[in-house]
Each structure stands twice: as C-alpha cells, then as structure tokens.
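*Asks:* In full-length UniProt numbering, the protein residues as written are 1 to 127.
Starting off with a structure, shown below.
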C-alpha cells in the first residue's frame, strides 16, 4: 500500500518537524530559510562601545543622549511636599505639578516612583 501525501505516518512526521516533501514540491534548505543575521548585533556593539577605554564613562543601561534630570531645590521642595500629602500621585496633581515646576508628566511620575522606592528602603532599614 502506497503512503499518500497525508497518511498517518506523514502527519506524524510533520508534527515532529520531519515531514518529507510532497511529491512535486521542493522545500528550501534550512540555511536558505533563515534570515540573515549580522555577526554582531547592535546591542553587542553598544555594549562593546561602553566598555571601550577610548570613551568617557557611560553607565550601563543609560539611555544614549539622555542626561540625568537635576531638580532644583524649589522643585524638590514642592515634590517632597506633595509626596508627604500623598505617596501616589493622581493624574490631575501630576498635570498641576508638571505645569508649576516646568517638568514633564513623565518626569513627575518617575520621581514619585523613585521616591516611593527610597521611602520603602528607609522604612525597611529602620526596622
């Protein structure tokens, strides 16, 4: 008995990845189906550049071209005052603080996240 193109054996092989070609079909070799992968990815190159001695010290994981925000004393005072009132900032308060302090809402959100983590560390260290 001849095994048809969709016999039980053929289907079993296809589910394991070992399916034979259908008559009249030709499949490309596995090397032909793989996308071309560069020898070195962009992430690898960036990591190597950070380690290279010719450049200035760049913290690992730092976003390129984005410097750290240095908050003024007045901004910190207002942010801390708001944090003392409520540790989780609402959308309205975030918009208000961003406008008053001339910061982005994203910066306000990140400051509150970081401040909550600092608060958590301080309370855990106090125990």
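Idealized CB from N, CA, C, for every residue including glycine.
Give me the residue from 80, 85, 81, 105 with the minimum Cα distance to residue 92.
*Replies:* 105
*Asks:* Start and end of the alpha helix (DSSP H) containing residue 81?
*Replies:* 73-85
*Asks:* Just to confirm, are residue 94 and residue 118 a CB contact at a threshold of 8 Å?
*Replies:* Residue 118 is positioned such that its CB atom lies no closer than 8 Å to that of residue 94.
*Asks:* Would you mind working out which of 6, 96, 113, 103 sits nearest residue 71, comparing C-alpha positions?
*Replies:* 103
*Asks:* Buried or exposed: where does residue 6 fall if 16 or more other Cβ atoms within 10 Å of its Cβ makes it buried?
*Replies:* So residue 6 counts as exposed.
*Asks:* With H, G and I counted as helix, E and B as strand and the rest as coil, what does DSSP make of residue 67?
*Replies:* coil
*Asks:* Please state whether the Cβ-Cβ distance between residue 116 and residue 87 is less than 8 Å.
*Replies:* yes
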